[in-house]
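Okay, so the sequence shown: first residue is 1 according to UniProt numbering, each after it adds one.
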Amino acid sequence: MSKKVNIGLVQMSCSADVEANVQKAINGIREAAQKGAQIVCLQELFTSLYFCDVEDHHNFSLAEAIPGPTTERLGKLAGELGVVIVASLFEKRAQGLYHNTTAVLDADGAYLGKYRKMHIPDDPGYYEKFYFTPGDLGYKVFDTKFARVGVLICWDQWYPEAARITALMGADLLVYPTAIGWDTNEPDPAQNTEQYNAWQTIQRSHAIANGIPVVAVNRVGREADQQFWGGSFVSNPFGSLLYLAPHDQEVVHVQELDLELSEKYRTTWPYFRDRRIDSYQPITKRYIDE
Numbered sequence: 001m002s003k004k005v006n007i008g009l010v011q012m013s014c015s016a017d018v019e020a021n022v023q024k025a026i027n028g029i030r031e032a033a034q035k036g037a038q039i040v041c042l043q044e045l046f047t048s049l050y051f052c053d054v055e056d057h058h059n060f061s062l063a064e065a066i067p068g069p070t071t072e073r074l075g076k077l078a079g080e081l082g083v084v085i086v087a088s089l090f091e092k093r094a095q096g097l098y099h100n101t102t103a104v105l106d107a108d109g110a111y112l113g114k115y116r117k118m119h120i121p122d123d124p125g126y127y128e129k130f131y132f133t134p135g136d137l138g139y140k141v142f143d144t145k146f147a148r149v150g151v152l153i154c155w156d157q158w159y160p161e162a163a164r165i166t167a168l169m170g171a172d173l174l175v176y177p178t179a180i181g182w183d184t185n186e187p188d189p190a191q192n193t194e195q196y197n198a199w200q201t202i203q204r205s206h207a208i209a210n211g212i213p214v215v216a217v218n219r220v221g222r223e224a225d226q227q228f229w230g231g232s233f234v235s236n237p238f239g240s241l242l243y244l245a246p247h248d249q250e251v252v253h254v255q256e257l258d259l260e261l262s263e264k265y266r267t268t269w270p271y272f273r274d275r276r277i278d279s280y281q282p283i284t285k286r287y288i289d290e
């Protein structure tokens with residue numbers, strides 16, 4: 001018995017023209033649907049340049065309500081095409097209160113809800129704490145027409161706790177919209193290779209540890225001092241790559257997943273069976289120094 005679903009990835013470059021970015025994403029969704037996609041995943045903050053490379057109050061004007069104009073537009077598209085859309089947006093919750101948020105639109109166009117990014121970085125070129133309040137909705141899964149989709153966002157990808165909790169909520173797959181790249185001022189190419197490999201490896205490890213597929217959708221192209229590395233990928237429930245996108249091209253790809261394979265991997269490698277939940281209380285401490 002199999003439960004197969006086709007996942008579409010839209011890896012694209014962005015410009016300062018919001019409408020052009022949205023239209024490019026819409027075109028990518030249409031192309032993915034034409035190729036048979038049932039669930040289409042967009043990259044992190046796809047409507048704009050990755051503005052978090054600077055701390056600039058003017059960038060707050062890019063934010064919008066969720067649900068709001070873009071989710072309404074994408075909802076109509078989802079209903080027209082009969083596909084699920086996973087869309088990462090800059091959410092304006094109230095004056096002075098903003099989140100990095102992903103909305104999910106079902107195949108009939110219905111707005112299913114949103115996940116607010118829980119882990120917020122603050123690093124050179126990624127000044128997200130200036131813009132985003134940490135998520136307060138907890139971890140989320142969305143019962144779509146085709147699968148139960150768990151959504152996490154970019155910096156969340158480095159945290160096994162986030163992946164584990166989302167998987168324990170019954171996700172059939174994990175989707176990570178991301179925006180990450182290389183610092184163009186970095187002189188050592190080995191550092192760039194190491195960084196990308198770490199990014200891919202940690203997410204493939206979530207697939208292994210939880211016995212479910214992982215889909216990572218990253219942006220591509222040069223923005224200021226960042227060369228976004230693309231490299232979007234799909235991993236099976238044991239960490240094997242089913243698809244790997246190029247580092248330097250926009251691409252729309254559709255990958256078939258057999259969700260029933262999770263049963264095989266979870267029974268062959270029964271990590272869930274052997275979890276010692278009675279021993280995990282220390283993980284809630286900031287650091288175990290006593």
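By construction, the Cβ of each residue, glycine as well, lies at the ideal position given by its N, Cα and C atoms.
Model, not experiment: these values are computed from the prediction.
Buried or exposed by the 16-neighbour rule on C-beta atoms within 10 Å, applied to residue i
i: Gly170; result: exposed
i: Ser232; result: buried
i: Met1; result: Note that Met1 scores a pLDDT of 47, beneath 50, so its modelled location is shaky; the value from the coordinates is reported in the next line. Per the 10 Å Cβ criterion, exposed.
i: Gly96; result: exposed
i: Leu81; result: buried
i: Pro69; result: exposed
i: Tyr131; result: buried
i: Ser61; result: exposed
i: Asp106; result: buried
i: Gly135; result: buried
i: Tyr265; result: buried
i: Gly230; result: buried
i: Arg276; result: exposed
i: Val215; result: buried
i: Thr166; result: buried
i: Glu128; result: buried
i: Lys285; result: exposed
i: Asp143; result: exposed
i: Gln34; result: exposed
i: Arg273; result: exposed
i: Ile283; result: exposed
i: Gln281; result: exposed
i: His57; result: exposed
Identity of the residues DSSP links to residue i by a beta bridge
i: Lys88; result: Strictly speaking, residue 88 in this sequence is Ser, with Lys absent from that position. Its beta-bridge partners are Thr102.
i: Ser235; result: Val214, Leu241
i: Ile39; result: Ile7, Val84
i: Asp56; result: The partner list for Asp56 (beta bridge, DSSP) is empty, contrary to what the question assumes.
i: Gly221; result: Phe228
i: Trp182; result: Gln227
Coil, strand or helix - residue i by DSSP
i: Pro177; result: strand
i: Asp289; result: coil
i: Lys4; result: strand
i: Gly75; result: helix
i: Phe51; result: helix
i: Arg204; result: helix
i: Gln226; result: strand
i: Glu64; result: strand
i: Asp123; result: strand
i: Ala94; result: strand
i: Ala209; result: helix
i: Asp156; result: helix
i: Thr70; result: helix
i: Thr133; result: coil
i: Ala171; result: coil
i: Met12; result: coil
i: Glu194; result: helix
i: Pro189; result: helix
i: Pro282; result: helix
i: Glu128; result: helix
First through last residue of the alpha helix (DSSP H) which encompasses residue i
i: Glu161; result: 160-168
i: Gly28; result: 18-34
i: Lys264; result: 261-268
First and last residue of the uninterrupted beta strand (DSSP E) at residue i
i: Leu257; result: 251-258
i: Phe142; result: 140-143
i: Gly113; result: 111-116
i: Arg275; result: Neither: Arg275 is in no beta strand (DSSP E) and is coded neither H nor E.
i: Gly150; result: 148-151
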